[in-house]
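In our numbering, the protein residues as written are 740 to 957.
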Ligand SMILES: C[S@@+](CC[C@H](N)C(=O)[O-])C[C@H]1O[C@@H](n2cnc3c(N)ncnc32)[C@H](O)[C@@H]1O
């Protein structure tokens with residue numbers, strides 16, 4: 740797992756793509772640390788929730804090959820502008836990951852869309868479109884996506900998920916990190932959990948983590 744790293748709140752603002760307002764707390768320093776630790780030059784990094792392309796941009800800058808899936812065209816355009824043709828970007832739904840990507844992949848590094856517990860007025864896995872989703876179904880769908888990711892990994896390849904526990908507007912905390920460990924571990928054994936340190940913790944999160952899983956060798 741990665742050496743201790745103090746993430747900087749200023750990087751969230753500095754790295755925010757022009758024209759966007761989202762606070763993505765998945766910074767380049769975090770991606771660099773994981774990719775440097777888990778892969779060698781020339782290896783393939785997959786991000787099934789490519790977002791604005793931080794994983795992919797850092798991977799190609801570090802001499803890795805990179806492929807990303809992103810649901811929303813407006814996010815894909817920003818990711819494409821960052822990577823050019825050095826990364827493969829596919830518009831699609833990560834719930835169908837195994838139809839979209841061929842393995843073997845050396846590292847899956849991602850940060851999924853977040854949800855709070857209970858009924859969900861918006862579906863996080865449909866770009867937060869209005870829907871009749873609920874938290875358990877969201878977890879089941881994430882487990883299926885990471886099961887598909889596991890089947891793309893080479894033996895010994897790792898899945899690393901950045902996720903925080905989410906504080907709802909009523910102050911309740913959804914333990915998304917431990918819930919994800921619980922639903923992904925049956926598909927891919929968990930190696931460990933890194934607690935991320937921030938100089939100023941991002942608002943809305945109660946703890947920020949890297950969850951490490953690995954495909955067994957042999
Ligand atoms: C937290 S961001 C990911 C940040 C990303 N790891 C990066 O390097 O910038 C989550 C992204 O997942 C996308 N998304 C949500 N549901 C999806 C789905 N079903 N398939 C693919 N992408 C999805 C969202 O549009 C959003 O861009």
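Where is the CB? At the ideal position from N, CA and C, for every residue including glycine.
Asked	Found
Should residue 761 be flagged as near chain E, meaning a C-beta pair shorter than 8 angstroms?	Absent from the structure is chain E; it holds one protein chain and no more.
Cβ-heavy atom distance between residue 800 and ligand 1 below 7 angstroms?	no
I'd like the ranges of any beta strand (DSSP E) spanning at least 3 consecutive residues and lying wholly in the stretch 824 to 888.	827 to 830 and 844 to 849
Less than 8 angstroms between C-beta atoms, sequence neighbours within five positions excluded: which residues of the same chain meet that for residue 766?	746, 747, 750, 751, 754 and 793
By DSSP's criteria, residue 933 is part of a beta bridge. Which residues make up the other side?	949
May I ask you to report which of helix, strand or coil DSSP gives residue 805?	strand
Skipping 5 residues on each side, what residues in its chain have a beta carbon closer than 6 angstroms to that of residue 838?	none
Assuming the contact rule is C-beta atoms closer than 8 angstroms, residue 806 and residue 773 should be a hit. Round their C-beta distance to whole Å, please.	At roughly 16 angstroms, the Cβ-Cβ gap does not stay under 8 angstroms, so residue 806 and residue 773 are not in contact.
Sorted by chain position, which residues of the same chain lie with C-beta nearer than 6 angstroms to residue 801's C-beta, five sequence neighbours on each side aside?	774
Mind pulling the alpha helix (DSSP H) runs of 4 or more residues that sit fully within the stretch 750 to 820?	767 to 777 and 793 to 800
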